[in-house]
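S.K.: Provided herewith is a single structure, encoded as structure tokens, for subsequent inquiry.
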Amino acid sequence: MSGTGASGAELTIDLDAVVANYRRLAERAAGAECAAVVKADAYGLGADRVAPRLAAAGCRSFFVATLDEGIALRRLLTEPDIYVLNGIPPGGGDELAAHRLIPVLNRLDEVAAWSARARSSEATGAGLARAALHLDTGMNRLGLPESEVEALARRPEGLGGIAVAPVMSHLACAEDSDHPKNAEQLALFRRLRAALPAAPASLANSSGIFLGPRYHLDLVRPGAALYGINPTPGAPNPMAEVVRLRAPIIQVREVAEAATVGYGGAHRMAGPGRIATVPVGYADGFLRSLGQRGFAVVGGVRVPIVGRVSMDLTTLDVSLAPADEARVGVWVDLIGGGLDVDEVAGLAGTIGYEILTALGGRYRRLYREGGTPA
Ligand SMILES: *Cc1c(COP(=O)(O)O)cnc(C)c1O
410 MSGTGASGAE
420 LTIDLDAVVA
430 NYRRLAERAA
440 GAECAAVVKA
450 DAYGLGADRV
460 APRLAAAGCR
470 SFFVATLDEG
480 IALRRLLTEP
490 DIYVLNGIPP
500 GGGDELAAHR
510 LIPVLNRLDE
520 VAAWSARARS
530 SEATGAGLAR
540 AALHLDTGMN
550 RLGLPESEVE
560 ALARRPEGLG
570 GIAVAPVMSH
580 LACAEDSDHP
590 KNAEQLALFR
600 RLRAALPAAP
610 ASLANSSGIF
620 LGPRYHLDLV
630 RPGAALYGIN
640 PTPGAPNPMA
650 EVVRLRAPII
660 QVREVAEAAT
670 VGYGGAHRMA
680 GPGRIATVPV
690 GYADGFLRSL
700 GQRGFAVVGG
710 VRVPIVGRVS
720 MDLTTLDVSL
730 APADEARVGV
740 WVDLIGGGLD
750 VDEVAGLAGT
760 IGYEILTALG
770 GRYRRLYREG
780 GTPA
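Residues in the sequence shown are numbered consecutively from 410, following the numbering used here.
Okay, here's the thing in structure tokens:
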């Protein structure tokens, strides 16, 4: 496939692979419902393209982070349940209800507010108001801590008017299957849940699905794995590759031994060689920390990123690539196509999640569907 990107970089997002990943995760968690987490614009890949495909593939529950993300998603999806992980923003109850969004209640005062609202609308004949109830089993981030769950368990009328589905918690260390915290969180979640009125339960994110059936409960909530990030670090990636970032070489320069490359003269050539420049930089979300550390693939050969990543440009040492592959107009791979997103993340000192959510708006985006670019 040759590029069409008007000499800019091209981001290909394989929607068929997202759907394949969804099916794989749903199969793995068979018996539980498989939701999709599409917060942060589907991890940077475009919720407007990703979510409708997942809905068409049978996904009935979607999670976003914020009210505004929920409103945008509701415009695209009429039927499915849409959960707002960050709960009820100040004064946001009416908007949540108007767009049929389901808040994830993270605090007792949110529970009280949603219950009060549910009771008053119940009086007008509306049914129970739905909400998810988030219990904190060890993240110390969002959700009711143990003491507040106990308080609620003593006064279950505090949930009056609310149909809780699901009661949920979030794993802190799921990507490390040997971590003792996984079992601790599962045990605490079970105990807290048993103290509350019966409700369907949800605990597993992407990696949690791979911890085994005990973690699946009624609903699983994968995000990262849908988008090709490895949910089982250290073992082969069971997910299909979704993202490919490519850019055309826009200049090739012969340089002498001891010449320096780029800002700060950060790289010094150990011998005479060739430097190729591609139009991708940190303004595109191609992380500056990849300077002197990352790689590109040119004609099947891995070549190092040398010098600093600039705002709009990145330089590659193509001295060892075949000369006819390292010339102006040839496309190189920067993510995908032999450079796994998790590997790129490792080289950048971060995680695949940050690589994806940082992907900028300047790339030409191509969505692959039905095996061809859409
Ligand atoms: C982001 C998020 C998820 C999805 O996690 P992944 O690791 O991307 O699968 C699930 N649940 C909650 C509460 C989250 O915040």
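Positions of the beta carbon are idealized from the N, C-alpha and C atoms, including for glycine.
Going by DSSP in three states, Y776 sits in which element: helix, strand or coil?
M.R.: The count along the sequence shown starts at 1 and reaches residue 776 at position 367. Correct three-state label for Y776: strand.
S.K.: Give the range of the beta strand (DSSP E) segment to which Y431 is assigned.
M.R.: Translated into positions along the sequence shown, residue 431 becomes position 22. Premise fails: Y431 lies in the alpha helix (DSSP H), 424 to 437, not in any beta strand (DSSP E).
S.K.: Can you list, in chain order, the stretches of the beta strand (DSSP E) that have 3 or more residues and sit fully within the segment 492 to 566?
M.R.: DSSP runs (the beta strand (DSSP E)) wholly in the segment 492 to 566: 511 to 514, 538 to 543.
S.K.: Can you tell me the Cα-Cα spacing of E734 and F472, whole angstroms?
M.R.: Along the sequence shown, one-based indexing puts residue 734 at 325. Along the sequence shown, one-based indexing puts residue 472 at 63. Each residue's alpha carbon lies about 44 Å from the other.
S.K.: Report the rounded CA-to-CA distance for G412 versus I422, giving the unit in angstroms.
M.R.: Numbered from 1 along the sequence shown, position 3 holds the residue referred to as residue 412. Numbered from 1 along the sequence shown, position 13 holds the residue referred to as residue 422. For G412, the predicted model reports a pLDDT of 45, less than 50, meaning its position is unreliable and no value from the coordinates is stated.
S.K.: In whole angstroms, give me the CA-to-CA distance for S611 and F695.
M.R.: Walking along the sequence shown from the start, residue 611 turns up at place 202. Walking along the sequence shown from the start, residue 695 turns up at place 286. Between S611 and F695, the C-alpha separation is close to 34 Å.
S.K.: Per the DSSP calculation, C443 is bridged to which residue(s)?
M.R.: Counting from 1 along the sequence shown, the entry for residue 443 is found at position 34. Bridge partners of C443: V629.
S.K.: Here's the rule: buried if 16 or more other CB atoms are within 10 angstroms of the residue's CB, otherwise exposed. What is L510?
M.R.: Walking along the sequence shown from the start, residue 510 turns up at place 101. With 16 or more other Cβ atoms within 10 Å, it is buried.
S.K.: Is V459 helix, strand or coil when you go by DSSP?
M.R.: Position 50 of the sequence shown, counting from 1, holds the residue named residue 459. Correct three-state label for V459: helix.
S.K.: Who are the near neighbours of A692 in its chain, counting only those whose CB is closer than 8 Å to its CB and skipping five residues on each side?
M.R.: What you label residue 692 is simply residue 283 of the sequence shown in a count that begins at 1. Correct list, in chain order: M720, D721, G769, R771.
S.K.: Classify E519: buried if its beta carbon has 16 or more other beta carbons within 10 angstroms, exposed otherwise.
M.R.: As a position in the sequence shown, residue 519 is number 110, starting the count at 1. By the 10 Å Cβ count, E519 comes out buried.
S.K.: Taking the alpha-carbon positions, what's the L765 to G501 distance?
M.R.: Residue 765 sits at position 356 when you count from the first residue of the sequence shown. Residue 501 sits at position 92 when you count from the first residue of the sequence shown. Roughly 29 Å between the two C-alpha positions.
S.K.: Measuring alpha carbon to alpha carbon, tell me which of H579, L463, E488, P512 ends up nearest A474.
M.R.: The residue you call residue 474 lines up with position 65 of the sequence shown. Closest by alpha carbon: P512.
S.K.: With DSSP as the reference, please indicate the residues paired to E419 in a beta bridge.
M.R.: Along the sequence shown, one-based indexing puts residue 419 at 10. In DSSP, E419 forms a bridge with R655, R773.
S.K.: Can you tell me where the beta strand (DSSP E) holding L725 begins and where it ends?
M.R.: Looking up residue 725 in the sequence shown gives position 316. Looking at the DSSP string, the run of the beta strand (DSSP E) that includes L725 is 723 to 726.
S.K.: Taking a cut-off of 5 Å, which residues have a beta-carbon closer than that to any heavy atom of ligand 1, in chain order?
M.R.: The set, ordered by position in the chain, is V446, H579, N614, S615, R630, P631, G632, A633.
S.K.: Who pairs with P713 in a beta bridge, going by DSSP?
M.R.: As a working note, residue 713 is residue 304 in the sequence shown. The partner list for P713 (beta bridge, DSSP) reads F704.
S.K.: Once you ignore the five residues that flank S616 on each side, which residues in its own chain have a CB closer than 6 Å to its CB?
M.R.: The residue labelled residue 616 in the question sits at position 207 within the sequence shown. Around S616: A583, E584, P640.
S.K.: Cβ of P606 within 7 Å of Cβ of P565?
M.R.: If you number the sequence shown from 1, residue 606 lands on position 197. If you number the sequence shown from 1, residue 565 lands on position 156. Contact: yes.
S.K.: Do W523 and A507 have their CB atoms nearer than 7 Å?
M.R.: Against the sequence shown, residue 523 aligns to sequence position 114. Against the sequence shown, residue 507 aligns to sequence position 98. Not in contact: W523 and A507 (Cβ atoms no closer than 7 Å).
S.K.: Given I480, which residues of its chain have a CB within under 6 Å of its CB, disregarding the five upstream and five downstream residues?
M.R.: The sequence position of residue 480 within the sequence shown is 71, counting from 1. So the qualifying residues of the chain are H508.
S.K.: Quick check: the Cα distance between V447 and A460, rounded to an integer number of angstroms?
M.R.: The residue you call residue 447 lines up with position 38 of the sequence shown. The residue you call residue 460 lines up with position 51 of the sequence shown. Taking the straight line from one Cα to the other gives about 7 Å.
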